[in-house]
């Protein structure tokens, strides 16, 4: 309990609890009966935080320290770290490690016509991938599992889309690490127009080992329509020109 302008209130104070509730912040007690989190501190943390959990593998570039006035059973020091997420053995594997967030919700009462619109809205706010899976739900109802893959900084925007555009009442969220190939895009000129080529490789850029080459579908489809050609003809032509440019 603490004394405030509003009288004696319990800790955490109501304002802090509300902020935690709004952001879905996981909390725990360390047994210290003091106000360890103020409304101002909670507001800053909830505004700046992208996700909650253990710190990722990282390289620290700066540390901030602040001390409090309470005499506690533990050191009354707040630490802030600033750094960049590190890759796991980049020289050994040549692959890139990154954090990715996954959102899931089960739906059995959503108009199927809405699904395509939801996909477009999610991609517009930064979703990396969106897909559905057919599932059986309670009362033997057919439904779908809607899954969104996005970067942690885009979680809130994607959740807003799901709540606004679907019939869901809740969303599961979790963060995973994934290993991805390094990627870049190159332009290839054909007699019908320019096609972007997506390259993926392992190793450092100076000694990269290209293991995947894909023409951009939208570019190929556009040129195929404009020139009344088969899509696969533009596809193969783009690859042919790319290989010629490498020699």
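Residue numbers (the numbering used here): 3 to 249. All residues carry an ideal CB built from backbone N, CA and C; glycine is no exception.
Can you list, in chain order, the residues of its chain whose CB lies under 8 Å from that of residue i, leaving out five sequence neighbours each side?
{"i": "residue 57", "result": "83"}
{"i": "residue 188", "result": "198, 199, 201, 244"}
Tell me which residues share the same chain as residue i and place their Cβ nearer than 7 Å to its Cβ, disregarding the 5 neighbours each side in the sequence.
{"i": "residue 186", "result": "201"}
{"i": "residue 245", "result": "none"}
Quick check: what's the CA-CA separation for residue i versus residue j?
{"i": "residue 25", "j": "residue 157", "result": "11 Å"}
{"i": "residue 91", "j": "residue 59", "result": "Confidence at residue 91 is low in this model, with a pLDDT of 47, below 50, so the placement of that residue is unreliable and no value is reported for it."}
{"i": "residue 93", "j": "residue 107", "result": "Confidence at residue 93 is low in this model, with a pLDDT of 45, below 50, so the placement of that residue should be treated as unreliable; the coordinate-derived value is given next. For residue 93 and residue 107, the distance between alpha carbons rounds to 38 Å."}
{"i": "residue 47", "j": "residue 13", "result": "17 Å"}
{"i": "residue 141", "j": "residue 72", "result": "56 Å"}
{"i": "residue 32", "j": "residue 68", "result": "19 Å"}
{"i": "residue 75", "j": "residue 38", "result": "12 Å"}
{"i": "residue 116", "j": "residue 102", "result": "26 Å"}
{"i": "residue 146", "j": "residue 23", "result": "28 Å"}
{"i": "residue 241", "j": "residue 125", "result": "28 Å"}
{"i": "residue 78", "j": "residue 19", "result": "21 Å"}
Residue i and residue j look like a contact to me (Cβ under 8 Å); what is the Cβ gap, rounded to whole Å?
{"i": "residue 236", "j": "residue 225", "result": "5 Å"}
{"i": "residue 160", "j": "residue 197", "result": "Not really, about 31 Å apart at Cβ, beyond 8 Å."}
Suppose contacts are defined by Cβ-Cβ distances below 7 Å. Is residue i in contact with residue j by that definition?
{"i": "residue 104", "j": "residue 151", "result": "yes"}
{"i": "residue 267", "j": "residue 177", "result": "Only positions 3 to 249 of the chain appear in the structure, and residue 267 is not among them; the question remains open."}
{"i": "residue 171", "j": "residue 109", "result": "no"}
{"i": "residue 21", "j": "residue 51", "result": "no"}
{"i": "residue 16", "j": "residue 54", "result": "no"}
{"i": "residue 231", "j": "residue 168", "result": "no"}
{"i": "residue 63", "j": "residue 43", "result": "no"}
{"i": "residue 249", "j": "residue 194", "result": "no"}
Practice item. Give a yes or no on contact between the region 214 to 230 and the region 128 to 135, applying the rule of three or more CB pairs nearer than 8 Å. Key: no
Check your understanding: With a cut-off of 8 Å, do at least 3 Cβ pairs link the region 112 to 126 to the region 152 to 170?
Key -> yes
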